[in-house]
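Here is the structure we will look at.
In our numbering, the protein residues as written are 638 to 1011.
This is the structure we're talking about:
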């Protein structure tokens, strides 16, 4: 058996079925992120979505216009059993039946920084640094025989299966936390949180920290997505350890974006964010964040947001939020469960990152095995 060099265009079949639904919402439409996964985009869909494209199970969706923007090929494989909908900017395709290339192996082949750089190198040097469809299907791929492809796909799928099993256990733990909170809401009268929280507005100053962060839709601090001049952070707000920051706008994000500083270091955030701390003798910040992290609270915050162009959930709205203020020892017990959940969620994220890093190793192993058996 020997390696076989092929061009993608020999096996690809474009698919352009329109969804023909004039008014889709953001929840109905998918984008493709840097990790080559489908996700719900935060930006609004167009006013006329009848031209949006369907992505059936086992089909690919790829946005070649954005290859150069992040030096990543934005492509995803629909592993789910349901159709997905993407914008007209995406190319949707599948692989024809053949005895040389597995769809799963091709997706495995793409999950590496080396492949992303290759596609980026072949962009058209336009403003968007896009890649023409003709260039994409003209790509050469060195393939091992089908049985070796299947062997390494099986290894990858086994790792994914183990990770997903761990993730399901993680969600069970999250349900336990939610059930505990619901039980408290039935047993304890709800109170406004205003008397238990204090607004803070401390600016970073000229010689302050460079530890600048954004607040993500996953409700955590993260590296800023936009370019930030770390030498001009004097007007940024300081979030001290055990304090909380939140984003006031809710329309684009679709969630109540907040983050808890559980580190030992100060963090600075943009001046438009709010920052506050709790009276920990009565209300633990972790306990409060548990309420903020529920989908029910996202719906509450969006419903109570105001404005037209930018819907806003302000400090005055926040202090009117009502939750059950349980005994501090009960709060600690619930927080302990939630802390375990957060730790396991972090482990799960590391597992997913490790699996992604293993993909190029698997591809290399499959090619070397084919060469040895040639």
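Here a beta-carbon is modelled for each residue, glycine too, at the ideal position from N, C-alpha and C.
Residue from 719, 874, 677, 652 with nearest C-alpha to residue 733
In the chain shown, the residue the question calls residue 733 occupies position 96. Each of 719, 874, 677, 652 was checked against the Cα of residue 733, and the nearest Cα belongs to 652.
Which same chain residues, not among the five before or five after residue 918, have their C-beta less than 8 angstroms away from its C-beta?
Taking the first residue of the chain shown as position 1, residue 918 is located at position 281. Excluding sequence neighbours, residue 918 sits near 965.
Excluding the 5 residues flanking residue 860 on each side, which residues of the same chain have their C-beta closer than 8 angstroms to its C-beta?
Against the chain shown, residue 860 aligns to sequence position 223. Correct list, in chain order: 850, 851.
From the DSSP output, read off the bridge partner residues of residue 714.
Reading the chain shown from its first residue, position 77 is the one you call residue 714. Paired residues: 697.
Going by CA-CA distance only, name the one from 724, 870, 716 that's closest to residue 688.
What you label residue 688 is simply residue 51 of the chain shown in a count that begins at 1. The shortest Cα separation from residue 688 among 724, 870, 716 belongs to 724.
Return the bridge partner residues of residue 721 from the DSSP annotation.
Along the chain shown, one-based indexing puts residue 721 at 84. Answer by DSSP bridge pairing, in chain order: 692.
Quick test of the definition: if touching needs 3 or more C-beta pairs under 8 angstroms, does the stretch 787-801 touch the stretch 948-959?
no
With burial defined as no fewer than 16 other Cβ atoms inside 10 Å of the residue's Cβ, what is the status of residue 780: buried or exposed?
Counted from its first residue, the chain shown places residue 780 at position 143. Under this definition residue 780 is a buried residue.
Taking three-plus beta-carbon pairs below 8 angstroms as touching, is the stretch 866-882 in contact with the stretch 812-825?
With the rule of 3 Cβ pairs closer than 8 angstroms, the stretch 866-882 does not count as touching the stretch 812-825.
What is the rounded straight-line gap between the Cα of residue 867 and the Cα of residue 931?
For the purposes of this step, residue 867 is taken as residue 230 along the chain shown, with counting starting at 1. For the purposes of this step, residue 931 is taken as residue 294 along the chain shown, with counting starting at 1. Computed Cα separation, rounded: 33 angstroms.
Could you tell me the alpha carbon to alpha carbon distance between residue 714 and residue 708, rounded to whole angstroms?
Start at 1 with the first residue of the chain shown, and residue 714 comes out as number 77. Start at 1 with the first residue of the chain shown, and residue 708 comes out as number 71. If you take the alpha carbons of residue 714 and residue 708, they lie about 19 angstroms apart.
Go through its chain and collect everything with a Cβ distance to residue 698's Cβ below 8 angstroms, but skip five positions before and after it.
Here residue 698 corresponds to residue number 61 of the chain shown, with the count starting at 1. Apart from the 5 residues on each side of it in sequence, residue 698 sits with its Cβ closer than 8 angstroms to the Cβ of 667, 669, 675, 690, 692, 712, 713, 715, 721, 723, 727, 728, 729 in its chain, given in chain order.
Any idea what DSSP makes of residue 1007, helix, strand or coil?
Position 370 of the chain shown, counting from 1, holds the residue named residue 1007. Here residue 1007 sits in helix by DSSP.
Can you tell me whether DSSP reads residue 880 as helix, strand or coil?
On the chain shown, residue 880 is found 243 positions in, with the first residue counted as 1. Note: residue 880 maps to coil in three-state DSSP.
Within 10 angstroms of its Cβ, does residue 923 collect 16 or more other Cβ (buried), or is it exposed?
By one-based count along the chain shown, residue 923 stands at place 286. By the 10 Å Cβ count, residue 923 comes out buried.
Determine whether the beta carbon atoms of residue 968 and residue 921 lie at a separation below 8 angstroms.
As a working note, residue 968 is residue 331 in the chain shown. As a working note, residue 921 is residue 284 in the chain shown. Yes, the pair counts as a contact, with Cβ atoms nearer than the cut-off.
Of the residues 782, 640, 812, 750, the one placed nearest residue 974, counting alpha carbons only
Counting from one through the chain shown, the residue named residue 974 turns up at place 337. Just measuring C-alpha positions, the residue of 782, 640, 812, 750 sitting nearest residue 974 is 812.
What are the residues that DSSP puts in a beta bridge with residue 728?
Taking the chain shown and counting its residues from 1, the one referred to as residue 728 is at position 91. Its beta-bridge partners are 699.
Kindly indicate the opening and closing residues of the beta strand (DSSP E) around residue 828.
As a working note, residue 828 is residue 191 in the chain shown. It spans 827-829 - the beta strand (DSSP E) in which residue 828 sits, taken as one unbroken run.
Three-state secondary structure (DSSP) of residue 644
If you number the chain shown from 1, residue 644 lands on position 7. Here residue 644 carries a strand assignment [DSSP, helix/strand/coil].
My output table needs one value for residue 741: the three-state DSSP class, helix, strand or coil.
Looking up residue 741 in the chain shown gives position 104. Helix, per DSSP.
Under 8 angstroms, do residue 877 and residue 777 count as touching if we go by C-beta distance?
For the purposes of this step, residue 877 is taken as the residue at position 240 of the chain shown. For the purposes of this step, residue 777 is taken as the residue at position 140 of the chain shown. The answer is no: Cβ separation not under 8 angstroms.
C-alpha gap between residue 1012 and residue 767, whole angstroms
Missing from the structure shown is residue 1012; the chain here goes from 638 to 1011 and no further.
C-beta atoms of residue 836 and residue 913 nearer than 8 angstroms
Walking along the chain shown from the start, residue 836 turns up at place 199. Walking along the chain shown from the start, residue 913 turns up at place 276. In contact: residue 836 and residue 913 (Cβ atoms closer than 8 angstroms).
Within this structure, are the beta carbons of residue 898 and residue 926 separated by less than 8 angstroms?
Numbered from its first residue, the chain shown carries residue 898 at position 261. Numbered from its first residue, the chain shown carries residue 926 at position 289. No. Outside cutoff.
Is the beta carbon of residue 641 closer than 8 angstroms to that of residue 737?
Locating residue 737 in the chain shown gives position 100, where the first residue counts as 1. Locating residue 641 in the chain shown gives position 4, where the first residue counts as 1. Note that the C-beta distance between residue 737 and residue 641 is below 8 angstroms.
So, residue 978 versus residue 821, is the Cβ gap smaller than 8 angstroms?
As a working note, residue 978 is residue 341 in the chain shown. As a working note, residue 821 is residue 184 in the chain shown. Their beta carbons are not under 8 angstroms apart, which means residue 978 does not touch residue 821 by this criterion.
Looking only at DSSP bridge pairs, what is residue 949 linked to?
Here residue 949 is taken as the residue at index 312 of the chain shown, counted from 1. In the DSSP output, where bridge partners are listed per residue, residue 949 has 886, 943.
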